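Numbering (my numbering), first residue to last: -6 to 78. We put the beta carbon where it would ideally sit given N, CA and C, even for glycine. Bear in mind the structure is a predicted one, so any value in this text is a computation, not a measurement. Okay, structure first, notes after.
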C-alpha cells in the first residue's frame, strides 16, 4: 500500500531544507487539495508565485526522503508541484 503525504513530513522536509540553507520550501498547493508546491520561502522582495527550477540534487533529496516513508511521488509537467501516487 502506498503512503500519503502528511503535514509532519512537509515540516520535517522543510526543516531539512533550512539546515541546508536553501531558500526552497514546500507549501500546500493553492490550486488543488492534494498537491504540494516547490517554491522559494516567503520573502519581502520575492513573489511567492515566482517560478523556480530546482536541480536534480533537490529532486533526489525529495524523492529519497519520501521513499523513506513509503511514499511515491508524481509531478506536474513543470516539476513544481507534486503529490503522492
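(1) Just the Cα atoms here: how many angstroms apart are residue 13 and residue 51?
(2) Indicate whether the contact test is met: 3 or more Cβ pairs, each with one atom in the region 18 to 28 and one in the region -3 to 10, closer than 8 angstroms.
(3) With a Cβ-Cβ cutoff of 8 angstroms, do residue 64 and residue 3 count as a contact?
(4) Using the Cβ count rule (16 or more neighbours within 10 Å means buried), how would you classify residue 29?
(5) So residue 74 is in the beta strand (DSSP E); what residue range does that whole segment cover?
(6) Under the rule that 16 or more other beta-carbon atoms within 10 Å means buried, what is residue 38, buried or exposed?
(7) What are the uninterrupted segments assigned as alpha helix (DSSP H) that are 4 or more residues long and contained completely in the region 13 to 62, given in chain order?
Based on what the coordinates show:
(1) 11 angstroms
(2) yes
(3) no
(4) buried
(5) 74 to 77
(6) exposed
(7) 49 to 60
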